[in-house]
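Undergrad: Per the working numbering, the sequence shown starts with residue 171, numbered consecutively.
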Amino acid sequence: MTRSNSSGGAIPGTNLGSAPRGGSGSNGPERLAAVIGDRHWFEFLRPTLDAASIMASLVLVKTVARGYVDDASLAMGLIAVIVFYLVGHLSGLHRQHRGRVTDDEVISILVTWVLTVLVLALTAFATRYGQYFARSVMLGWILVCPSMIALSRMCLRIVQLALFRRGLYVRTVAIAGMNPLGMQIRQNLEDQPDLGFQFAGFYDDRCTERLQETLPGIDPDARLGDLSELVSASRSGDIETVLVTLPMRAEERIAKLLDQLSDSTVSVYIVPDFFVFDLLHSRWTQFGGLPAVSVFENPLFGIDGASKRIADLTLSVCGLFIVSVPMICIAAAVKLTSPGPVFFRQRRYGLDGQVIRVWKFRSMRVCDDGAVVRQATANDSRVTKLGSILRKTSLDELPQLFNVIEGTMSLVGPRPHASAHNEQYRNLIPGYMLRHKVKPGITGLAQVNGCRGETETIDKMKRRVEFDHQYIRSWSLWLDCRILFKTLGVAWKQPEAY
Numbered sequence: 171m172t173r174s175n176s177s178g179g180a181i182p183g184t185n186l187g188s189a190p191r192g193g194s195g196s197n198g199p200e201r202l203a204a205v206i207g208d209r210h211w212f213e214f215l216r217p218t219l220d221a222a223s224i225m226a227s228l229v230l231v232k233t234v235a236r237g238y239v240d241d242a243s244l245a246m247g248l249i250a251v252i253v254f255y256l257v258g259h260l261s262g263l264h265r266q267h268r269g270r271v272t273d274d275e276v277i278s279i280l281v282t283w284v285l286t287v288l289v290l291a292l293t294a295f296a297t298r299y300g301q302y303f304a305r306s307v308m309l310g311w312i313l314v315c316p317s318m319i320a321l322s323r324m325c326l327r328i329v330q331l332a333l334f335r336r337g338l339y340v341r342t343v344a345i346a347g348m349n350p351l352g353m354q355i356r357q358n359l360e361d362q363p364d365l366g367f368q369f370a371g372f373y374d375d376r377c378t379e380r381l382q383e384t385l386p387g388i389d390p391d392a393r394l395g396d397l398s399e400l401v402s403a404s405r406s407g408d409i410e411t412v413l414v415t416l417p418m419r420a421e422e423r424i425a426k427l428l429d430q431l432s433d434s435t436v437s438v439y440i441v442p443d444f445f446v447f448d449l450l451h452s453r454w455t456q457f458g459g460l461p462a463v464s465v466f467e468n469p470l471f472g473i474d475g476a477s478k479r480i481a482d483l484t485l486s487v488c489g490l491f492i493v494s495v496p497m498i499c500i501a502a503a504v505k506l507t508s509p510g511p512v513f514f515r516q517r518r519y520g521l522d523g524q525v526i527r528v529w530k531f532r533s534m535r536v537c538d539d540g541a542v543v544r545q546a547t548a549n550d551s552r553v554t555k556l557g558s559i560l561r562k563t564s565l566d567e568l569p570q571l572f573n574v575i576e577g578t579m580s581l582v583g584p585r586p587h588a589s590a591h592n593e594q595y596r597n598l599i600p601g602y603m604l605r606h607k608v609k610p611g612i613t614g615l616a617q618v619n620g621c622r623g624e625t626e627t628i629d630k631m632k633r634r635v636e637f638d639h640q641y642i643r644s645w646s647l648w649l650d651c652r653i654l655f656k657t658l659g660v661a662w663k664q665p666e667a668y
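#1: Looking only at DSSP bridge pairs, what is Trp-529 linked to?
#2: On the criterion of 16 or more Cβ atoms from any shown chain inside 10 Å, does Glu-383 qualify as buried, or is it exposed?
#3: How long is the line joining the alpha carbons of Tyr-238 and Val-231, rounded to whole angstroms?
#4: Within 10 angstroms of its Cβ, does Pro-316 collect 16 or more other Cβ (buried), or is it exposed?
#5: Within its chain, find whatever has a CB closer than 6 Å to the CB of Leu-571; leave out the 5 residues flanking it on each side and keep chain order.
#6: Between the Cα of Lys-632 and those of Trp-648, Phe-655, Leu-598, spot the shortest distance and give me the residue it belongs to.
#7: Between the C-alpha atoms of Val-253 and Val-284, what's the straight-line distance to the nearest angstrom?
#8: Could you give the first and the last residue of the continuous alpha helix (DSSP H) run that contains Ser-406?
#9: Check whether the Cβ atoms of Gly-697 and Pro-569 lie closer than 7 Å to each other.
#10: If we ignore side chains and look at the alpha-carbon of each, how far apart do Pro-390 and Asp-361 end up?
#11: Do you know offhand how far Gly-347's Cα is from Ser-406's?
#12: Drop a sphere of 10 angstroms on the beta-carbon of Pro-610, count the other beta-carbons inside from all chains shown, and report buried for 16 or more, exposed for fewer.
#13: Alpha carbon to alpha carbon, how far is Ile-409 from Phe-637?
#14: Rank Gln-516, Val-251, His-639, Asp-443 by C-alpha distance to the C-alpha of Trp-529 and give the top, closest one.
#15: Do you know whose CA, among His-639, Met-579, Ile-628, lies nearest Gly-601's CA?
#16: Give me the Cα-Cα distance between Val-329 and Arg-335, rounded to the nearest whole angstrom.
#17: Do you know how far the Cα of Leu-228 is from the Cα of Leu-244?
#18: Name the DSSP beta bridge partners of Ala-588, please?
#19: From the DSSP output, read off the bridge partner residues of Ala-344.
#20: What residue range is occupied by the uninterrupted alpha helix (DSSP H) comprising Ser-243?
#21: Following the continuous alpha helix (DSSP H) through Gly-472, name the residue where it begins and the one where it ends.
#22: Return the CA-CA distance between Leu-290 and Trp-311, expressed in angstroms with no decimal places.
#23: Which residue or residues does DSSP assign as beta-bridge partners of Met-534?
#24: Rounded to whole angstroms, how far is the Cβ of Phe-367 from the Cβ of Arg-327, which I believe are closer than 8 Å?
#25: Using three-state DSSP, classify Leu-333 as helix, strand or coil.
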């Protein structure tokens with residue numbers, strides 16, 4: 171939306187990351203590929219390397235600092251190994267390593283290690299065990315250990331990839347169902363060689379002519395045979411993994427195929443065709459013991475939500491301390507230069523569509539907050555002279571730090587729009603309200619990619635919503651940090667702000 175007292179302000183910028191994707195149809199298949207790749211023995215080696223890195227880093231630091239390693243140090247190291255392993259399950263460090271982005275894994279290592287250190291510190295304080303360790307030793311260990319863990323995991327990845335490229339420890343996988351979903355799965359497997367899969371081919375009961383009618387330009391050699399031939403290949407051991415991508419409406423064919431494959435030792439995975447939908451944030455869960463997959467969901471569960479909230483509180487309190495004097499000066503200037511209140515509070519939609527009141531320094535002569543709210547335009551007569559400066563520098567957004575502290579907003583997230591604009595665009599843009607599955611932010615991925623200013627066309631708003639959806643799908647603390655740093659770099663270059 172535009173930057174006005176009547177709409178969601180934003181801090182603009184230029185490109186950060188990739189352009190928004192229109193959908194996430196490949197999101198589910200990518201995650202499935204990573205999950206089924208976790209079955210290799212490498213995944214059992216990874217926590218072993220973590221434990222070895224924790225112990226080795228402690229021994230190294232202790233030896234360099236004191237020249238010896240005592241029993242107290244070994245006991246502390248063993249406790250750290252246990253705590254790190256348990257915390258890693260909560261933080262997601264031990265889930266879906268294969269096909270995972272290196273930056274995300276490094277962030278997970280750091281988060282897990284910080285939480286481990288906090289647990290160790292509380293334990294040492296409660297038991298007075300910390301008196302056996304010098305501060306220099308503990309500080310050195312805290313700094314060296316995560317680097318050693320990350321290095322060991324990087325080396326393991328290199329070894330894995332080298333073995334896979336030589337055809338060692340790879341698993342032969344076939345796809346039952348030659349359709350767009352199956353083609354996407356195949357592409358994902360080929361794009362991620364570190365998953366350790368060797369694609370054998372497709373099996374489908376339709377003849378080549380029928381397949382070419384539904385999939386123009388298809389490679390006929392990709393189809394190895396029909397489903398009965400797939401069963402034979404599985405029983406003979408030529409196929410180790412089968413991915414069933416038949417449509418959900420083909421229930422009888424799927425049930426028959428599973429019954430036949432049960433007479434083999436092949437691993438079977440069903441890939442539901444709802445992965446072709448626009449998934450906002452998919453994850454597996456259970457309802458009364460029955461498995462289910464989310465289609466539209468908030469990504470901030472458990473440790474992820476807690477870590478984002480802690481970061482918001484810490485940075486917001488520090489930010490208020492830094493900008494308190496400028497905010498007092500701005501408040502006085504607003505009061506002295508135009509009649510009306512210093513602050514403007516407007517109703518907007520927050521998390522899950524709940525109405526919140528967003529704080530801003532008043533930059534207009536009016537405070538629109540009704541059923542009809544007019545966006546700010548270039549040379550808008552409602553904007554005061556001081557307000558024009560505040561809006562171009564985004565200083566009018568500073569009071570939203572109070573929203574972050576009270577928990578109704580986040581530092582990074584989709585920008586909140588005026589309630590009137592929400593009601594307008596939710597009827598024009600499919601999936602518009604899904605941007606409210608997370609807390610709104612002072613800045614966001616859309617804003618640092620140049621989506622700012624008046625949305626005089628529906629396409630401009632659609633592009634903004636696409637970036638918001640992309641942010642929710644790919645959220646991480648690292649992404650939040652990138653957006654914040656990008657915001658600081660472009661806050662003063664805002665030609666679209668008026």
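No residue lacks a Cβ here, since even glycine has one placed at the ideal position from N, Cα and C. All figures in this text were calculated on a predicted structure; none of them were measured in a lab.
TA: Looking at the atomic coordinates:
#1: Arg-515
#2: exposed
#3: 10 Å
#4: buried
#5: Ser-486, Gly-489, Leu-490
#6: Leu-598
#7: 11 Å
#8: 397-406
#9: The structure shown does not extend to residue 697, since the chain spans only 171 to 668, so no value can be given for it.
#10: 21 Å
#11: 20 Å
#12: buried
#13: 41 Å
#14: Gln-516
#15: His-639
#16: 10 Å
#17: 8 Å
#18: Arg-518
#19: Gly-371, Val-412
#20: 241-261
#21: 472-507
#22: 12 Å
#23: Val-553
#24: Between Arg-327 and Phe-367 the Cβ distance is about 16 Å, and since that is not below 8 Å, they are no contact.
#25: helix
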